[in-house]
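For the sequence shown, the working numbering assigns the number 20 to the initial residue and increments by one for each residue that follows.
The C-beta atom is built at its ideal place from N, Cα and C for all residues, glycine as well.
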Amino acid sequence: MPSIISVGISESLLADFEALRDTSSVSGKKYHTKTIDRLSQYICCRNYAKLSLELCYLVWAVVNYKRDSAALLNFFWIDEAITPSAFRKAFEHSHQAEWLPSDSKIYIDEMGLCIQFKYSKFVISATRISLLSAFLELLTTHIHHLLDELEANLMGTDEKSIKQHANTLQKQIYDWLKAHLPSAKVQQRFRHIEQWTQKQAPAGKFDDHKVIRFWQDSRDIDGYVKYTSALEDVIDYELAKKSLLQAHEAQHALSLDEYAQIVSQDEISLYESASNIFEAFEKTPLSSTPKFLSSKQIGLVLPHITVANLNDSLPLSAWRASVFGQWQSQLIQLSRSTQIQDKTHERSHPIESYETHYQQLVSLKKAIKLTLLSCVAVLYNKKSLACLSVLDWVLQDLIDAAQLSALRLFFQANITEESAKGTNELFVMLKRWQLEKPVLNKVFNLAQDALRKNNKQGFKDWHKYDEDAYLEGSQQLVNLDVLVTKAISTFVSSVGETTKEISILEACVVNFSADLCIFTEELKLRHRGAI
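Encoded structure:
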């Protein structure tokens, strides 16, 4: 299976490597598969500095050996001097032309191609020629006029010019790859996580305990001061592994074109996106206008949204990020304060506990329900049938299961696809049903009451906004309600597995006491004097 670093590579770059594997010559395939695999590893890991320097020395030798016109075209494409034997034959005669700097020489020995200058010697092994040729061929497809530029800048020059142009070439490669590779920082962190996981026993994906251990073991690694930073990178890493596995399976099942399309559309972007729910927040933010929730309420649940990507594998981590992550952020701020000595009490304990976080989540669920009721009222006032789909979710908390089932059957029997087309007529019927069914009338009255009490922007002046905004917001709120419910249930079950039945408050106390010891000791090491 390919390395984790290959996640995030663009479709076009993958196709470039595949094209090199399929490139033919007079004797068959121009490059061995292993050669291109090696080149792709250099490129995808951004490890092309030495390769660029080698290539510039080789190009210098080629263009200065005989000074033929189109020397590079002849050497690499016409004569194809890209096997060890052909490479040695191309430079079999020791050469020192009058146009070369004094004391410089180009010759072949048992080590390979030697480029001798007055105070130094550079050797290119014959076994590297195929790799360097493939590297040049790849670059010529993306850096315009590269061959002309190399010949013009390296013919008749000295060693200093070779090194200068190698630096220029590296910058050109970097600029080209920016659109095709994830950031170097992301790759570096993925490599660190991968190396850490390889040393762990037993192997397997991350759980809550491994996340803590990874953060502790990465104490001296840049970027991992905060627990939340370690958690976010672990989640990205696990998503990247998942996407890589799916892409690897697709590669063996589909043609190249189909595979590239699937990878680019569905798999490659996974490592850098949080979740479907989070993407929905980006498109229609719940804290914008209409304002469904406050920014503080959204912030409360963001750690749970991030962790939700990995289903139930990290039930405690989001709670740790919410409570202890907030505490650590406070410690970092206080450690920079000139009045740190006066704030000992503030630093000795987290601002919140798991119990207070649970209470905040419960309050959030209530706020979601009230906002959903407001949306029902707005959609009802706009005579949108979508109010019934939103109402169906709200009813689950307002009436018992038998009443809900009966009401659903009633709607199914009376609202057909044909009748739904006549919106005005249907709303006349809906008003009549409210008189016939007290439960339905009660719920719509509650919805109108919730709307009257909702002072958020977009609800007092609901007539200014399109109904789609309220429908999309309602759908996001329903998703969020499901996520919060799941966050609470998985938190309880993570403790209940070992203690049989346990209440949510007991789970809060048990988990918080254990985690407080872990985080207190670790934060003392990381923020000396701040705790």
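Requested in this report: From the DSSP output, read off the bridge partner residues of Q214.
Outcome: None, per the DSSP bridge assignment.
Query raised in the report: Which value, in whole angstroms, describes the spacing of the CA atoms of S307 and L333?
Result: 30 angstroms
Query raised in the report: Taking all protein chains shown into account, do 16 or more other C-beta atoms lie within 10 angstroms of the C-beta of R238, making it buried, or fewer, making it exposed?
Result: exposed
Query raised in the report: Is there contact here, the stretch 387-396 with the stretch 462-480, by at least three beta-carbon pairs under 8 angstroms?
Result: yes
Query raised in the report: At a cut-off of 6 angstroms, is T375 close to the ligand GTP when judged by its beta-carbon and the heavy atoms of the ligand?
Result: In terms of ligand content, the structure shown is empty, and the ligand GTP therefore cannot be addressed.
Requested in this report: Going by DSSP, name the residue or residues bridged to G131.
Outcome: D128
Query raised in the report: Any idea if Q495 is buried or exposed, counting beta-carbon neighbours within 10 angstroms, 16 or more meaning buried?
Result: buried
Query - Those residues which DSSP pairs with I143 across a bridge - result: L132
Query - Where the alpha helix (DSSP H) through L350 begins and ends - result: 336-354
Requested in this report: Out of E371, L445, L459, S314, state which residue places its alpha-carbon closest to the alpha-carbon of L423.
Outcome: L459
**Report entry** Same chain, Cβ closer than 7 angstroms to K224, neighbours up to 5 away in sequence not counted
**Finding:** E257, S332
Report task. Would you mind stating whether T42 and K49 have Cβ atoms separated by less than 7 angstroms? Result -> yes
**Report entry** Meets three-Cβ-pair contact criterion under 8 angstroms: the stretch 65-77 and the stretch 189-204
**Finding:** yes
Report task. Count the other C-beta atoms from every protein chain shown that fall within 10 angstroms of the C-beta of G492, then say buried if there are 16 or more, exposed otherwise. Result -> buried
Query raised in the report: For S408, which of helix, strand or coil comes out of DSSP?
Result: helix
Query raised in the report: Which of helix, strand or coil does DSSP assign to S44?
Result: strand
Query raised in the report: Hey, out of S88, A105, R471, I62, whose CA is closest to S46's CA?
Result: A105
Query raised in the report: Helix, strand or coil: how does DSSP classify L32 here?
Result: helix
Query raised in the report: Y377 lies in the alpha helix (DSSP H); which residues open and close that run?
Result: 373-400
Query raised in the report: By a C-beta neighbour count over all protein chains shown, 10 Å radius and 16 as the cutoff for buried, is S336 buried or exposed?
Result: buried
Report task. Using three-state DSSP, classify Q476 as helix, strand or coil. Result -> coil
Query raised in the report: Closest by CA to A80, which one among C64, C63, A109?
Result: A109
Query raised in the report: In the stretch 449-507, which residue ranges form an unbroken alpha helix (DSSP H) of at least 4 residues, counting only runs that do not cross its ends?
Result: 457-472
Query raised in the report: Is S341 closer than 7 angstroms to H368 when the C-beta atoms are compared?
Result: no
**Report entry** Sufficient close CB pairs (3 or more, under 8 angstroms) joining the stretch 310-321 to the stretch 197-211
**Finding:** no
Query raised in the report: Apart from the five residues on each side of it in sequence, which residues of its chain come closer than 6 angstroms, Cβ to Cβ, to C551?
Result: Only positions 20 to 550 of the chain appear in the structure, and residue 551 is not among them; the question remains open.
Query raised in the report: For the candidate residues R107, Q345, H228, whose alpha-carbon lies nearest to that of E129?
Result: R107
Report task. Within the same chain, show all residues whose beta-carbon is closer than 8 angstroms to that of W234, passing over the 5 residues directly before and after it, in chain order. Result -> Y243, Y246, A249, L250, E541
Query raised in the report: Where do the ends of the alpha helix (DSSP H) carrying I324 lie?
Result: 314-326
Requested in this report: Leaving out five residues on either side along the sequence, give the residues of the same chain with a beta carbon under 8 angstroms from the beta carbon of L240.
Outcome: Contrary to the premise, residue 240 reads as Ile rather than Leu in this sequence. Within the same chain, I240 has close Cβ partners H211.
Query - Delimiting residues of the alpha helix (DSSP H) encompassing W601 - result: Outside the shown range of the chain (20 to 550) lies residue 601, about which nothing can therefore be said.
Query raised in the report: By Cβ distance below 6 angstroms, which residues in the same chain neighbour N473 in space, the five residues on each side in sequence not counted?
Result: S393
Report task. Kindly indicate which residue of L77, A153, K140, F94 has the alpha-carbon position closest to the one of D122. Result -> K140
Requested in this report: Reducing DSSP to helix, strand and coil, say where T176 ends up.
Outcome: coil
Report task. From the DSSP output, in three-state form, read off A198 for me. Result -> coil
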